[in-house]
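Residue numbers (my numbering): 3 to 255. Every residue, glycine too, gets a C-beta built ideally from N, C-alpha and C. The structure presented is a predicted model; accordingly, all values stated were derived computationally and were not measured. Written below as structure tokens is the structure these notes are about.
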Amino acid sequence: MGKGKLQKFADMAHYPHVFEHPYAGPEGVPFAMRGKWDEGFFGNGRPLTLELGCGRGEYTVGLARRFPEQNFIGVDIKGARMWTGATEALQEGLKNVAFLRTRIEAIDQCFASGEVDELWLTFSDPQMKKATKRLTSTYFLERYRRFLKDGGRIHLKTDSNFMFTYTRLMLEHNALSVEAITDDLYHSPLANGVLTDIRTYYEQQWLDRGMTIKYICFRLPQTGTLSESDVDIPLDDYRSYGRSKRSSLQTSK
Ligand SMILES: C[S@@+](CC[C@H](N)C(=O)[O-])C[C@H]1O[C@@H](n2cnc3c(N)ncnc32)[C@H](O)[C@@H]1O
């Protein structure tokens, strides 16, 4: 029988590579590890990549296995999910992996200017109702700028046509540099390496329902004003929109 939530939390309280920063609002108190992830944990001076909304941490652990010369931190508010990746990393003795339990709204309290090289956003909720909650909104990009190196890469992998279109339009609107883009990853020339060899839990669920997976990689410069584009985007019809409607879990494409 699998472990319950309480047992997972008890396990993680003793994991040396799992950190927690209680959320005290978007402008709360800086976390003790801010600016000290290398000095206080990794100790190797190597580049750092974050997976935001990591769930079980498939990208965090999968990338760490493939790139031992880099460091990776999975970030999520749900500790019971990250237990899976955190336990795998521990059992495999991966020294280049950590997990951080916090709200992404507080992410800039956890990392100092220039401390992070790259970001992965894996199957983030498209937040169709409110732009400022979307992890590729200018609200979050402004936060990422506070700790991501100038021109740092951001990878978005999503099932959501809404999230994909929103992000594409936002990048066009702000003239941000797109390195790769496809609305059907598994049937595109990009379908190899970490983009398709690593599959997340949610990704597999969407693939099982016949959904296409979309991918965008772009760079975020430190300078330049960012603003939201004002285009209406068709909603994903297989998802709930607000609390009152229930998701039909039907496949649309
Ligand atoms: C749809 S799941 C995707 C999980 C995983 N990346 C995957 O593909 O299987 C979205 C994840 O983002 C996390 N999440 C959503 N909003 C968050 C926030 N504001 N702060 C921290 N985590 C958040 C959720 O807890 C959840 O684990």
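Could you give the first and the last residue of the continuous alpha helix (DSSP H) run that contains residue i?
i	result
R67	60-68
D185	First-last for D185: undefined, no H or E at that position.
V196	196-199
E205	203-210
Y168	163-175
L92	81-94
F11	7-15
Beta-carbon separation of residue i and residue j under 8 Å?
i	j	result
G37	A114	yes
R105	Y17	no
P223	D119	no
T202	E22	no
F166	D186	no
T19	A100	The sequence shown places His at residue 19, not Thr. Cβ distance < 8 Å, so H19 and A100 count as in contact.
I109	T169	no
D220	S179	Note that residue 220 is Phe in the sequence shown, not Asp. Their beta carbons are under 8 Å apart, which means F220 touches S179 by this criterion.
M130	Y240	no
D238	N176	no
T51	L65	yes
G55	T124	yes
D78	R103	yes
With 16 as the cutoff for other CB atoms within 10 Å, does residue i come out buried or exposed?
i	result
S254	Confidence at S254 is low in this model, with a pLDDT of 38, below 50, so its placement is unreliable and the value that follows should be read with caution. Flag for S254 reads exposed.
T225	exposed
R248	Any reading at R248 needs caution, since the residue's pLDDT is 41, under 50, leaving its predicted position unreliable; the model's value is listed next. R248 is exposed by the Cβ-count criterion.
Q93	exposed
K10	buried
V63	buried
S250	For S250, the predicted model reports a pLDDT of 37, less than 50, meaning its position is unreliable; a value from the coordinates is still stated below. So S250 counts as exposed.
L137	buried
R83	buried
Y188	exposed
R211	exposed
D256	Because the chain is modelled from 3 through 255, residue 256 falls outside the range shown and cannot be assessed.
E117	buried
K7	exposed
G27	exposed
E71	exposed
E53	buried
Going by DSSP, what residue range makes up the beta strand (DSSP E) through residue i?
i	result
R103	99-103
L52	50-54
K1	The structure shown does not extend to residue 1, since the chain spans only 3 to 255, so no value can be given for it.
F2	Look at the range of the chain in this structure, 3 to 255, and you will see that residue 2 is not part of it.
F113	No beta strand (DSSP E) holds F113; DSSP gives it neither H nor E.
I106	Segment: none, I106 is in no beta strand (DSSP E) and carries neither H nor E.
I75	73-78
V20	20-22
As a quick exercise: from the options, pick the residue whose alpha carbon is nearest that of residue i.
i	options	result
Q111	R148, T134, L158	R148
D40	D234, I75, M14, R68	I75
R67	G45, K80, R83, A91	A91
D13	A88, L228, N98	A88
Y204	I215, N194, V196, G195	I215
K132	K5, K7, I235, P28	I235
E230	D152, T134, G4, S190	T134
Can you list, in chain order, the stretches of the alpha helix (DSSP H) that have 4 or more residues and sit fully within the segment 124-156? Counting whole runs of 4 or more residues, the segment 124-156 contains the alpha helix (DSSP H) stretches 140-147.
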